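Visitor:
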Amino acid sequence: MNSELNDDVFLARWLNGELSEEELAKFEQSADFKQYQKIVLGTEALSGPDFDESALFESVKDKRRLHLEEPKKEGKQILFGTWGYAAAAVITLLVVFFLFTYTGNSLHKSDFGEQLSIALPDQSKVILNAKAQVTYNENDWENGRSLDLKGEAYFKVSKGSKFSVNTPKGTVSVLGTQFNVRTMDGLLEVTCYEGKVSVTQQNKTHILTAGKTFRQLENGAARLGDVKELNPGWINNESSFDSLPLKYVLKSIENQYGIQIEGKDSIDDSIIFTGTFPHGDLNLALKTVLNSLDLTYTLKDEKTVSISG
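All residue numbers for the sequence shown refer to the working numbering, where the first residue is 82 and numbers rise by one.
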């Protein structure tokens with residue numbers, strides 16, 4: 082990093098949002114800014130252990146009470162205030178920076194309504210649909226082409242050794258092909274557009290050839306089907322669904338438009354939707370999906386939609 086920007090205090094001020102406009106602009110132009118920004122975004126995907134908030138609060142109060150009751154000792158006292166916590170955050174950031182830099186871990190995430198194209202080390206291509214993410218190890222890529230996926234993505238895989246996509250519901254493996262993987266709240270859907278794909282899920286393997294699709298729902302129901310399209314509709318800004326429970330369609334609308342749909346979790350799984358909705362026009366998307374099922378909706382504000390039967 083630039084020598085003017087390499088101290089812990091500077092990073093602490095950045096994490097606390099205390100940089101001046103001039104300092105921030107200069108930092109954003111530095112060679113290491115994107116790397117630090119990627120690390121900060123990556124830490125959002127990490128989850129900490131569960132804990133009892135009430136018990137923790139009581140423990141802190143007890144320790145504070147004991148500290149106040151103790152006689153004060155002469156000499157220097159070390160204060161651990163705001164800057165102490167910021168320094169701790171900097172240390173954490175630097176440790177994560179080391180792990181990302183020297184272990185080769187890469188994380189890519191798309192935002193609401195965003196499509197993100199990624200070139201992998203072997204020139205394979207991944208296009209993330211809205212609110213999706215992939216992680217992989219660049220340093221170990223040649224020893225095993227493998228990545229983890231959350232959300233939906235379209236893959237164009239260069240020929241070579243086995244290429245694996247790990248999802249919460251199963252693993253998709255190919256040698257060189259084009260396919261789409263959709264994962265969402267217990268759903269796994271894999272569609273092969275070119276070549277051959279194997280899907281391993283619950284110790285069972287399904288082989289898909291071009292034009293075939295496999296789906297595993299949260300309740301365990303699995304099905305094989307056919308597709309006529311040459312690529313997934315969302316690549317062309319139109320999401321398509323074939324006999325899919327409505328709750329997954331509504332979740333896709335949330336991801337595309339960055340909204341919250343109240344009432345979707347109470348919808349019965351027996352309500353099925355077949356069709357498409359467009360990207361770029363929320364009202365049209367809602368009408369296209371809900372009107373066909375005799376459901377109505379209300380826009381409560383820019384970010385909230387309420388649906389009813």
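In this text, a Cβ means the ideal position worked out from N, Cα and C, and glycines have one as well. As the structure is a prediction and not an experimental result, all values here were calculated from the model.
Is Glu-270 closer than 8 Å to Thr-294 when the C-beta atoms are compared?
Guide: Taking 8 Å as the Cβ cut-off, Thr-294 and Glu-270 qualify as a contacting pair.
Visitor: Under the DSSP definition of a beta bridge, which residues are partnered with Asp-362?
Guide: DSSP output for Asp-362 lists no bridge partner at all.
Visitor: Report the residue ranges of all alpha helix (DSSP H) runs contained in full by the segment 315-349; include only those spanning at least 4 residues, in chain order.
Guide: Those alpha helix (DSSP H) runs which fall completely within the segment 315-349 and span 4+ residues are 327-338.
Visitor: Go ahead and pull the three-state DSSP assignment for Val-370.
Guide: Looking at Val-370 - three-state DSSP - the assignment turns out to be helix.
Visitor: Output needed for Leu-127: all residues of its chain with C-beta closer than 6 Å, excluding positions within five of it in sequence on either side, in chain order.
Guide: The predicted position of Leu-127 is uncertain, since its pLDDT is 47 and thus under 50; no value can be drawn from it.
Visitor: Please list the terminal residues of the continuous alpha helix (DSSP H) segment that includes Lys-107.
Guide: 102-109 is the extent of the alpha helix (DSSP H) around Lys-107.
Visitor: Buried or exposed: Leu-380, going by 16 or more other Cβ atoms within 10 Å of its Cβ?
Guide: Exposed.
Visitor: With a 10 Å radius around its C-beta and 16 neighbouring C-beta atoms as the bar for buried, classify Gln-341 as buried or exposed.
Guide: Classification for Gln-341: exposed.
Visitor: Only counting the same chain, and skipping five residues up and downstream in sequence, which positions put a Cβ closer than 8 Å to that of Thr-357?
Guide: Correct list, in chain order: Gly-314, Glu-319, Ser-320, Ser-321, Phe-322, Thr-369.
Visitor: Spatial neighbours of Leu-197 within its chain, please: C-beta separation below 6 Å, excluding the five flanking residues on both sides.
Guide: Taken in chain order, the residues that qualify are Ser-191, Leu-209.
Visitor: Just to confirm, is the Cβ distance from Val-262 to Phe-244 under 8 Å?
Guide: Not closer than 8 Å, so no.
Visitor: Please give the ranges of any beta strand (DSSP E) in the segment 224-286, keeping only runs that are unbroken, at least 3 residues long and fully inside the region.
Guide: Those beta strand (DSSP E) runs which fall completely within the segment 224-286 and span 3+ residues are 226-231, 233-237, 244-248, 251-255, 259-265, 268-275, 277-282.
Visitor: Taking its Cβ as the centre, do 16 or more other Cβ atoms sit within 10 Å of Ser-101, making it buried, or is it exposed?
Guide: Exposed.
Visitor: Buried or exposed: Gly-241, going by 16 or more other Cβ atoms within 10 Å of its Cβ?
Guide: When all chains shown are included, Gly-241 counts as exposed.
Visitor: Let me check understanding here. Comparing Cα to Cα, which of Leu-96, Ala-213, Glu-383, Leu-105 lies closest to Met-265?
Guide: Cα-wise, what sits closest to Met-265 is Ala-213.
Visitor: Within the same chain, show all residues whose beta-carbon is closer than 6 Å to that of Leu-371, passing over the 5 residues directly before and after it, in chain order.
Guide: So the qualifying residues of the chain are Tyr-378.
Visitor: For a test of the three-state rule: what should DSSP assign to Phe-91, helix, strand or coil?
Guide: Helix.
Visitor: Would Thr-290 pass as a contact of Cys-273 if the rule is Cβ separation under 8 Å?
Guide: Yes, they are a contact pair.
Visitor: DSSP three-state label for Phe-193, please.
Guide: Residue state, collapsed to three classes: coil.
Visitor: Out of curiosity, what's the CA-to-CA distance linking Gly-306 and Ser-389?
Guide: Rounded to whole angstroms, Gly-306 to Ser-389 spans 31 Å at the Cα level.
Visitor: What's the gap between the Cα of Leu-35 and the Cα of Trp-222?
Guide: In the structure as shown, the chain begins at 82 and stops at 390. Residue 35 is therefore absent and cannot be evaluated.
Visitor: What residues match up with Gln-297 in a beta bridge as DSSP calls it?
Guide: Paired residue(s): Leu-269, Ala-303.
Visitor: With DSSP collapsed to three states, give me the class of Leu-96.
Guide: Three-state DSSP puts Leu-96 in a helix.
Visitor: Would you mind reading off the limits of the beta strand (DSSP E) that contains Asp-382?
Guide: It spans 377-382 - the beta strand (DSSP E) in which Asp-382 sits, taken as one unbroken run.
Visitor: CA-CA distance, Gln-337 and Ala-106?
Guide: The alpha-carbon atoms of Gln-337 and Ala-106 are separated by roughly 31 Å.
Visitor: How would you write the range of the beta strand (DSSP E) that Val-308 sits in, first residue to last?
Guide: Per DSSP, Val-308 belongs to no beta strand (DSSP E) and is neither H nor E.
Visitor: Give the single residue among Gly-301, Ala-303, Leu-367, Ile-288 whose Cα lies nearest to the Cα of Leu-327.
Guide: Of the listed residues, the one whose Cα sits closest to Leu-327 is Leu-367.
Visitor: Determine, using beta carbons only, whether Thr-252 and Gly-276 come nearer to each other than 8 Å.
Guide: For Thr-252 and Gly-276, no; Cβs fall outside 8 Å.
Visitor: Tell me whether Glu-109 is buried or exposed, calling it buried when 16 or more other Cβ atoms sit within 10 Å of its Cβ.
Guide: Classification for Glu-109: exposed.
Visitor: How would you label Arg-296, buried or exposed, when you count the other beta carbons within 10 angstroms and need 16 or more for buried?
Guide: Its Cβ being crowded by 16 or more others within 10 Å, Arg-296 is buried.
Visitor: In chain order, what residues of the same chain have a beta carbon less than 8 Å from the beta carbon of Lys-384, not counting five sequence neighbours either side?
Guide: Around Lys-384: Gly-339, Ile-340, Gln-341.
Visitor: Going by beta-carbon coordinates alone, are Gln-204 and Ser-239 separated by less than 8 Å?
Guide: Result yes, Cβ atoms of Gln-204 and Ser-239 sit closer than 8 Å.
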